[in-house]
Amino acid sequence: IGDMKLANAVSVTGNGKHIALTSGENHTITFALENAASENCITVGQNSSLTIDSESLTITTDNEALRSLVCVAGENSYFHLQAGKLMSRSANIARAIVCLDNHATFVMSGGVIEGNEDTQSRGVLLQSYAGEIRFTMSGGTIKNCHAIGRNDGGSNGGGVSIVGDHPAVFAMFGGTIEDCSAVLGGGV
């Protein structure tokens, strides 16, 4: 198929939707959303899952501002990054490159989440206001992610940030978090 440029967000929602992105060749999916400041490029909703498993696949954006590149939200919502790269480029990310909401689960066993030191580009946000959230990291790299320039408490945790009043679990058994910064907690 080749590289793709998408003007609309992608939603993986509905009972039993399970999407796997794989590729044997180098491909880039670039989002160029019209009203991006409050949007997620990819949303994984209730009872749905997304797996990215390709060293040669990059997902990125041309936008100047986004809510997140991948948002996982709702009961039984699941995202697995096995391989591939999620990059914010020069976008200011309001939440994180990967944002977890309301009962979400994220497993990172490989791949790369990469921010930009000149912009708000937090790696992963566990935003737990309506139910337990889980992030398990056993491989891969979160790098060059930064939480900067916000005065609403959003400048904490450059690599991984946990906020909210419900349980949130971050378990790191492998992988690396490197070259990330924030007002408080550069890595986590």
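Residues in the sequence shown are numbered from 998 upward in steps of one, following our numbering. Just so it is clear, CB atoms sit at the ideal spot from N, CA and C, and this is done for glycine as well. Just so it is clear, the structure is predicted and the values come from calculations on it, not from any experiment.
Would you mind reading off the limits of the beta strand (DSSP E) that contains residue i?
i, result
"serine 1008", "1007–1009"
"asparagine 1099", "Looking at the DSSP string, asparagine 1099 is not in any beta strand (DSSP E), and its letter there is neither H nor E."
"tyrosine 1075", "1075–1084"
"isoleucine 1131", "The sequence given here has arginine at residue 1131, not isoleucine. Note, arginine 1131: beta strand (DSSP E), 1130–1140."
"glycine 948", "Because the chain spans 998 through 1185 in this model, residue 948 falls outside it and cannot be assessed."
"valine 1030", "For the record, residue 1030 in the displayed sequence is leucine; it is not valine. Careful: leucine 1030 lies outside any beta strand (DSSP E) and carries neither H nor E."
"valine 1180", "No beta strand (DSSP E) holds valine 1180; DSSP gives it neither H nor E."
"asparagine 1113", "Where asparagine 1113 is concerned, there is no enclosing beta strand (DSSP E), given that its DSSP letter is neither H nor E."
"phenylalanine 1167", "1165–1169"
"aspartate 1050", "1045–1058"
"glutamate 1175", "1173–1175"
So who's on the other strand from residue i, going by DSSP bridges?
i, result
"serine 1020", "Paired residue(s): none; serine 1020 is not in a bridge."
"valine 1185", "Paired residues: none, contrary to the question."
"leucine 1122", "Cys1096 and Ser1158"
"leucine 1003", "Phe1028"
"serine 1065", "Asn1037 and Ala1093"
"serine 1106", "Gly1136"
"asparagine 1153", "Leu1181"
"alanine 1070", "Asp1098"
Do residue i and residue j have their CB atoms nearer than 8 Å?
i, j, result
"phenylalanine 1170", "isoleucine 1159", "no"
"cysteine 1142", "glutamine 1124", "no"
"lysine 1082", "valine 1109", "yes"
"asparagine 1089", "alanine 1070", "no"
"leucine 1047", "valine 1009", "yes"
Please classify residue i: is it buried, with 16 or more other beta-carbons within 10 angstroms of its beta-carbon, or exposed?
i, result
"threonine 1138", "buried"
"glutamate 1022", "exposed"
"threonine 1102", "buried"
"asparagine 1032", "exposed"
"threonine 1019", "exposed"
"isoleucine 1016", "exposed"
"alanine 1165", "buried"
"leucine 1181", "exposed"
"tyrosine 1075", "buried"
"methionine 1084", "buried"
"asparagine 1005", "exposed"
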